Structures are given as C-alpha cells and as structure tokens.
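What follows is a single structure, written as structure tokens, with notes after it.
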Amino acid sequence: MSDMKRQHPFMIPLGTIRGLLYIIPPLIIVLFQNIGAEDSRRLLIILLIIFGSFFFSFGYQLLNWYFYSYRYEDGYLHLKTGVIIKNERSIKQERVQTVNIRRGFFQRLFGLASLQVQTAGGGGETEFNLAAITLDEAVRIKDSLESEKEFSADRKLETGKNEAAFSADLQESEKDKPAPAAYQEFTVSIPELFIAGATSGRFLVLFSILAALSSQLTGFLPDTFWETLVEQITSTALITAVLAALVLMFFSWLVSIIAFVIQYMNFTIRREKDRLQLTWGLIEQKQLNLKLHRLQSLVVHESLLRQPLGRSALVAEVAGGGSKEQSYVTLLFPIIRNSEINRFLSAILPEYSLPDNYTPLPRRALRRYIFRAMAPIALLTIALQWLPYGWLAFFLLPLSFFWGLSRYRAGGITIEDHQLTFRFRFINRYRAVMKRKNIQALQVGSNPLQRWQNLKTVRAWVLSSPEEKEFQLVDVESADAKKLWSWYSRYH
Amino acid sequence: MDKAPRERLDPLALKAWFYSGILWGLALMLAPAAYIVLVNTILDWPVIYGWLGAGVVVVFTIFAAIIIPRLRMYYWRYEIHDDEIDIQHGIIVIKRTLIPMIRIQHVDTEHGPVMRHFKLATLRISTAATDHRIPALAREKAAQLRGEISALARVSDEDV
Chain B
528 MSDMKRQHPF
538 MIPLGTIRGL
548 LYIIPPLIIV
558 LFQNIGAEDS
568 RRLLIILLII
578 FGSFFFSFGY
588 QLLNWYFYSY
598 RYEDGYLHLK
608 TGVIIKNERS
618 IKQERVQTVN
628 IRRGFFQRLF
638 GLASLQVQTA
648 GGGGETEFNL
658 AAITLDEAVR
668 IKDSLESEKE
678 FSADRKLETG
688 KNEAAFSADL
698 QESEKDKPAP
708 AAYQEFTVSI
718 PELFIAGATS
728 GRFLVLFSIL
738 AALSSQLTGF
748 LPDTFWETLV
758 EQITSTALIT
768 AVLAALVLMF
778 FSWLVSIIAF
788 VIQYMNFTIR
798 REKDRLQLTW
808 GLIEQKQLNL
818 KLHRLQSLVV
828 HESLLRQPLG
838 RSALVAEVAG
848 GGSKEQSYVT
858 LLFPIIRNSE
868 INRFLSAILP
878 EYSLPDNYTP
888 LPRRALRRYI
898 FRAMAPIALL
908 TIALQWLPYG
918 WLAFFLLPLS
928 FFWGLSRYRA
938 GGITIEDHQL
948 TFRFRFINRY
958 RAVMKRKNIQ
968 ALQVGSNPLQ
978 RWQNLKTVRA
988 WVLSSPEEKE
998 FQLVDVESAD
1008 AKKLWSWYSR
1018 YH
Chain Z
400 MDKAPRERLD
410 PLALKAWFYS
420 GILWGLALML
430 APAAYIVLVN
440 TILDWPVIYG
450 WLGAGVVVVF
460 TIFAAIIIPR
470 LRMYYWRYEI
480 HDDEIDIQHG
490 IIVIKRTLIP
500 MIRIQHVDTE
510 HGPVMRHFKL
520 ATLRISTAAT
530 DHRIPALARE
540 KAAQLRGEIS
550 ALARVSDEDV
C-alpha cells in the first residue's frame, strides 16, 4: 500500500510544543519549591530536563508521524498505526458516527486542521484522530464520509456512541409485533411503593453508615469494641448493644423507606409509538425518554427480600449512555407483582414476553452447584477454627448448601422465536430476556469436567452502558446448549 | 455445532509462541538472577529462595513456550461463513463463539515484533459489545480476511 498518506509534517513541532506544555507546570512547582537553595546545579538539572523532554517529545512525535498513515477510498478509511505493535484497520463509512474538524490557532496559521472520526463500537478504540492535515484534505474526507449518510438523519440527532449499531436493528424491529394502538401507561401505587421501599435493601447501606458513625461517637475503636464485647459477654451491656443495634436498624429502615417513596413517587411508564417515557419523583420530578431501539434486554430482578412477596423490579439494559441519574441501570418499573408482569409487557412492551416454562438444568449439575457454593465456605470454616467462637461458622455450612441448591433451581433457559431468556441467581434471582437481534455474540464453553459430564456453560453478550453486559448460565445440558447454538446460528 | 470449524491457525504460530515464551522466561529470569547475585555479594539472605524462584520461572517457561502453545494450537479453529464467524479456542476450558456478520463493527489486524518476524498477524474482530481475536495468521491471510469480513459485514447490513 504505497499510496498511504502521512499527516502534515507540521504536526511534529505542533505535537512537541503540546507535549512540552505538560512538563512546564511540574517544572514550575519544582522551581518554586526549591527557591532559596543556593546551588547552581539545580538550574543545570532543570535545563537538562527541559532539553531531555524536548528531545523525547520530538522523537515521539516524529515516530508517531512516521508510523501513522491513512488512505481513503471508496467507502473505507484505512489506517496504519503503531511503532512496535503494528495495527491496521479499515473503517467502513457506514460505521462512522460523527466527523469533526477542529482548528486551533497554530493550525489556522498554517492552513491546517485536525480531523476526528468517531465510530460505533464498545470493544476497541472508538475514535481516531488525524492531528494535522491540510484543511482541504479534512473537508474532502469529511464530505465523503458523510455523503451517503442522509438515510440516517435521526442517527445524528442521537449522540449515543453506539447508535450505528442499531440502524440495522431498527429495520428489523419494525417487523416485530406492532406497538399497541393506544398509548398506555402504568403508575406504581403508593402501597406498592412502600413495599418496594421496605424491601429495597437500602437500609443496610444506611445502617452500616449510621453504625460506623455511632461507634465513632461513643469512642469505640473497632478492636477495643471487640475486646469489650468479649469481656462483657455475660453482662447486660451486650444486650444493650444488641438492642441499640436493632433500634438503629429499624430507624434506618424507616428512613430508607421514606427516602425510596419520595424518590420514586408517581413512577409512571408510558408507551408512545417508538419510545418509552418514564417520569418519577416527588420533590425532584425526573423524566427519561427511551427510544425503543436502544433497549437491549429486559431483566426481571427478583431480590431476595421481594421474592417471598412475589414481587420484582423491571430493569432494562440500554445502549448508548444510560442516564446518569439512574446510574446507568435503567429502571423500567420499581415494583410489580410477578403475576402482573405479562399484563404490563403486553401493554407497554409487547415486543417482549416473559416465558412461563423454563428448561431446567440437568440433575447432575446439582452436585456441581452445591460443591461450588460449599467448598469456599468449608475452607473458611476450617480456617476460622483457630479463632474463638470459630465453631459458629459451622452454621454457615447448611446455609451455603441451600444457597447452592437454590442457585441450581433458579437456573433455566427458554428459547422462543426471536427471544432468549436466561433465569439464574447469584443472591437475587434474575430473568434476562434478550431478543436475538440484540445478542452481539454467543459462546458455549466447557471445562474438562463439564465435557466429561456433558455439560456446557453458555454466554450471551448484549450492548449496554457503560460497558457490555454478559449473561451466563453454568452447567446447561449439552443438548440444550446445542439447541441454543442452532437457534442463534444462521447455519445450525 | 457438532462439526468443529474447519480452519486452523498457521503452523508457524507454534514457533512464534515458542520464541515469545522463551523471551518472557528470560525477562522473568532476571528477578531470581538478580537476587542470587545480590545474596552472593551484599545481602545475607538464604540463597535457596533464588534457586526456587529460578525453578518456578523454568517451569513457567516450559508451560508458556511448549505446553500451552501446543494445546492452544490443537484446539484453535475458526471458520468464516457468509453470515457469521465461528471460533473455537481454549487451553483447558474450550469455548466456541459465534459472531453474526451484521453485528461486526470493525476488523483490524495487529502484530508485535515476534509475530512480525514470522510474518504473522492477529485479526481482531469487534462487535459493539465484544472483541474477538484470531491470533497468528499468515499476514497476507489476515489482511485478506480483514477485507473479506469488512465486505461481508457491509453486505449483510444491507440485507437486513
């Protein structure tokens, strides 16, 4: 590829100067800190540092310039980079999200510009930068990269980084079931909201903060606290301490319920043709508009506390920048009865449905689940025998047994036409519903023991933010893994 | 899924991995070597730890240069269909990965100094959510696949 072009050589001095700018502030600090120190050697050292860094910066920029070449031709931007590790990349025009031309003061002076091209994609670097090329060249590349993009006008409106990934999905999703005719909405009722608050588990966070604070206030340091505890184990002080903790816990529980209710008061989800509109909050009204094609999977989140009450929260994996207020987890509905979920979905999200039946994990997986749950706890229990009251750890063993058992029982998989559902538990139980078109890649793996027992671990990736989300199910029957594979493959 | 993917990596990969394993081993050997030298000159610590460290590095090097490359080579397969890429890889845990063409965002090739010496390159395939690598392909082969996959990814885009 002899017709690869380099950037304008002017980027070398430009980059060198820019690199030196990073060195000057620390140098100034060094200078001022040592003011009054008499020796002239310091000046020499500083000069050496300046020249040294100039030399390195210049060399770095020179190599960078020399080993960075590009070429644009029919729909592809080719790039070659790397001094030691060589990288070659071809960027397709359709994958290009935005092209920006920027011109700084020096660049204007010399008729140059820098060009930034952003592409969609989570894995690798998502943008590249031509630091100095002639303005004409920049305009030419920008025009040709953008020329065939009229069809994706709405793509430019949304600045989400992964938007290009959905242009294909958009068309596919139109073939799915149509949106409900009338706009429908669901609002969470106040009693339900109180239940949600009471089972949110947030009080544990608050409690630990309060407990830490109060132990500070009473002057207990952790180790002295334990000493007192052991010394006074028989006295009434222990009962007082336990009571105080209980009161504190109850108090933080109440506070967290109220905080939750205020935060999610009037939580309403509304379906409009191709988007979901979410509003919530009593004091601070918040609103979130979610274009449907950004939805990558639906997760029914059944927390341990809510499970006995038969209720779950509905959460979505959303691509291209979940809102910051919701700290990237997009809550679709804070609490819902499990029996209501399908009614909710048919009114709000008819594209998704929650399956009733799951293919369970095979019996022989049970032993593996229980072993995985109990082995670390058993080791811990043995290790704890050297401590006083270490025998208490034996109570953890049956607990971990039931944990393994319930993780095994939760495991399940359902394959439907265009939809895959994994049911699994870590502590809480999840049901992750994925559309085939939203699964970015599928993996079936096995370790030697699994191969011997004809079991597989299956993994599916969907787009999410801030990074991709991986759903995994361990110890699936080989035949079921194969079914999943041929469901996803276009060849079987 | 019963049939493993057809293509294997370039046989030169074994050599390249052997050399990079040896290079890693030599680099790591510097630590116990320095320890032994120090013990013999300045420090008064037991010398046995130095020899133990050296032993560990030797074992590591045997694994990194000989055993692991062979296992890797044995299991590594890939096949590029018109609509999807099928990859099998692993050393102990064997994984089979399926990447539909329409999900592929970009493809690049890359190669470090050792790979360059053997005229090999790694093909990196990125979807919006994942990154997959086919290591140690002949460089022309990698470049050719990069072109093919880019073109196929584009075609399937229009097909949807």
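Chains B and Z supply the protein sequences, listed in that same order.
Per the numbering used here: the first sequence ends with 1019, consecutive numbering throughout.
Per the numbering used here: the second sequence ends with 559, consecutive numbering throughout.
For every residue, glycine included, the Cβ atom is placed at its ideal position computed from N, Cα and C.
For clarity, every value in this text was computed on a predicted model and none was experimentally measured.
>> For residue 843 of chain B and residue 450 of chain Z, what's the separation of their Cα atoms in angstroms?
In response: Approximately 55 Å between the Cα atoms of the pair.
> Taking 8 Å as the CB-CB limit, is residue 931 of chain B close to chain Z?
Replying inline: No, residue 931 of chain B lies away from the interface with chain Z (no Cβ there is under 8 Å from its Cβ).
> Out of curiosity, what's the CA-to-CA distance linking residue 412 of chain Z and residue 472 of chain Z?
Replying inline: Rounded to the nearest angstrom, the two C-alpha atoms are 8 Å apart.
> My guess is that residue 798 of chain B and residue 710 of chain B are in contact by the Cβ rule of under 8 Å, so how many angstroms apart are they, rounded?
Replying inline: The pair is a contact, with the Cβ atoms about 6 Å apart (cut-off 8 Å).
>> With a threshold of 8 Å between beta carbons, is residue 913 of chain B in contact with chain Z?
In response: For residue 913 of chain B, the answer is no, since every Cβ of chain Z falls outside 8 Å of its Cβ.
> Under a Cβ-count criterion, where at least 16 other Cβ atoms within 10 Å of its own Cβ denotes burial, should residue 420 of chain Z be classed as buried or exposed?
Replying inline: By the Cβ neighbour-count rule, residue 420 of chain Z is buried, with 16 or more other Cβ atoms within 10 Å of its own.
>> Against chain B, does residue 556 of chain Z count as a neighbour if the rule is that its beta carbon must be under 8 Å from one of theirs?
In response: Summary for residue 556 of chain Z: the model assigns pLDDT 49, below 50, so the residue's position carries little reliability, and this model does not support an answer.
>> Assuming residue 869 of chain B is part of the alpha helix (DSSP H), what are its boundary residues?
In response: Unbroken alpha helix (DSSP H) run through residue 869 of chain B: 868 to 875.
> Going along the stretch 964 to 979 of chain B in order, which residues come within less than 7 Å of chain Z, judged by CB to CB distance?
Replying inline: 967, 968, 969, 970, 971, 972, 973, 974, 975: these are the residues of the stretch 964 to 979 of chain B whose beta carbon lies less than 7 Å from some beta carbon of chain Z, given in chain order.
>> In the DSSP output, what is residue 472 of chain Z paired with across the bridge?
In response: Listed as beta-bridge partners of residue 472 of chain Z by DSSP are no residues whatsoever.
>> Taking only three categories from DSSP, how would you classify residue 913 of chain B?
In response: Three-state DSSP puts residue 913 of chain B in coil, outside helix and strand.
>> Quick check on residue 593 of chain B - is its C-beta less than 8 Å from some C-beta in chain Z?
In response: No, residue 593 of chain B lies away from the interface with chain Z (no Cβ there is under 8 Å from its Cβ).
>> I'd like to know if the stretch 779 to 791 of chain B and the stretch 729 to 738 of chain B are in contact, where contact means that at least 3 CB-CB pairs between them fall below 8 Å.
In response: Note that the stretch 779 to 791 of chain B touches the stretch 729 to 738 of chain B; at least 3 beta-carbon pairs, one per stretch, sit closer than 8 Å.
>> Can you find the residues in the same chain that come closer than 6 Å, C-beta to C-beta, to residue 703 of chain B, ignoring five residues on each side of it along the sequence?
In response: Low per-residue confidence applies at residue 703 of chain B: pLDDT is 48, beneath 50, and the placement is therefore not dependable enough to give any value.
>> Applying the 10 Å Cβ sphere with the 16-neighbour rule, what's the burial state of residue 812 of chain B?
In response: It is exposed - the Cβ of residue 812 of chain B has fewer than 16 other Cβ atoms within 10 Å.
>> In this structure, how does DSSP classify residue 785 of chain B when only helix, strand and coil are distinguished?
In response: For residue 785 of chain B, the three-state secondary structure derived from DSSP is helix.
> In the structure shown, what three-state DSSP assignment does residue 880 of chain B receive?
Replying inline: DSSP, read as helix, strand or coil, puts residue 880 of chain B in coil.
> Among residues of its own chain, excluding the 5 on either side of residue 722 of chain B, which ones have a beta-carbon nearer than 7 Å to its beta-carbon?
Replying inline: Excluding residues within five positions, the ones whose Cβ falls inside 7 Å are 836, 838, 862.
> Taking DSSP as the reference, what is the three-state secondary structure of residue 837 of chain B?
Replying inline: Of the three classes helix, strand and coil, the one that applies to residue 837 of chain B here is coil, per DSSP.
>> Comparing C-alpha positions only, which one of B/946, B/585, B/720, B/957 sits nearest to residue 933 of chain B?
In response: When C-alpha distances from residue 933 of chain B are compared across B/946, B/585, B/720, B/957, the shortest belongs to B/957.
>> Excluding the 5 residues flanking residue 585 of chain B on each side, which residues of the same chain have their C-beta closer than 6 Å to its C-beta?
In response: Answer for residue 585 of chain B: 543, listed in chain order.
>> Closest to residue 792 of chain B by C-alpha separation, out of B/714, B/739, B/818, would be which residue?
In response: Out of B/714, B/739, B/818, B/714 has the C-alpha closest to the C-alpha of residue 792 of chain B.
>> Just to confirm, is the Cβ distance from residue 1000 of chain B to residue 917 of chain B under 8 Å?
In response: Not in contact: residue 1000 of chain B and residue 917 of chain B (Cβ atoms no closer than 8 Å).
> Where are the alpha helix (DSSP H) runs, 4 residues long or more, that stay fully inside the stretch 934 to 988 of chain B, in chain order?
Replying inline: Taking only runs of at least 4 residues, the alpha helix (DSSP H) segments lying wholly in the stretch 934 to 988 of chain B are 975 to 980.
> With distances taken from CA atoms, which of B/869, B/910, B/899, B/922 is nearest residue 960 of chain B?
Replying inline: Nearest option by C-alpha distance: B/869.
>> I need the DSSP call for residue 551 of chain Z, collapsed to helix, strand or coil.
In response: The three-state reading of DSSP puts residue 551 of chain Z in helix, counting H, G and I together.
> Candidates B/904, B/927, B/555, B/734: which alpha carbon is nearest residue 505 of chain B's?
Replying inline: In the structure as shown, chain B begins at 528 and stops at 1019. Residue 505 of chain B is therefore absent and cannot be evaluated.
> Near residue 576 of chain B, what residues of its chain come up, given a Cβ to Cβ distance below 8 Å and the 5 sequence neighbours on each side ignored?
Replying inline: If we look at residue 576 of chain B and ignore the five residues flanking it on each side, its Cβ neighbours are 550, 554.
> Along chain Z, in chain order, which residues have C-beta atoms closer than 7 Å to that of residue 1013 of chain B?
Replying inline: Within chain Z, the residues near residue 1013 of chain B are 400.
> What do you reckon, are the CB atoms on residue 613 of chain B and residue 483 of chain Z nearer than 8 Å?
Replying inline: No. Outside cutoff.
>> Is there a C-beta anywhere in chain B that falls below 8 Å from the one on residue 511 of chain Z?
In response: Interface residue, yes.
>> With distance defined between alpha-carbon atoms, name the residue in B/833, B/846, B/990 nearest to residue 865 of chain B.
In response: Considering only alpha carbons, the answer is B/833.
> Just how far apart, CA to CA, sit residue 444 of chain Z and residue 540 of chain B?
Replying inline: About 52 Å.
>> Against residue 483 of chain Z, what residues of chain B qualify as contacts under a CB-to-CB distance less than 9 Å, listed in chain order?
In response: Neighbours of residue 483 of chain Z on chain B, chain order: 1015, 1016, 1017, 1018.
> Start and end of the beta strand (DSSP E) containing residue 662 of chain B?
Replying inline: From DSSP, residue 662 of chain B is part of no beta strand (DSSP E) but of the alpha helix (DSSP H) over 662 to 673.
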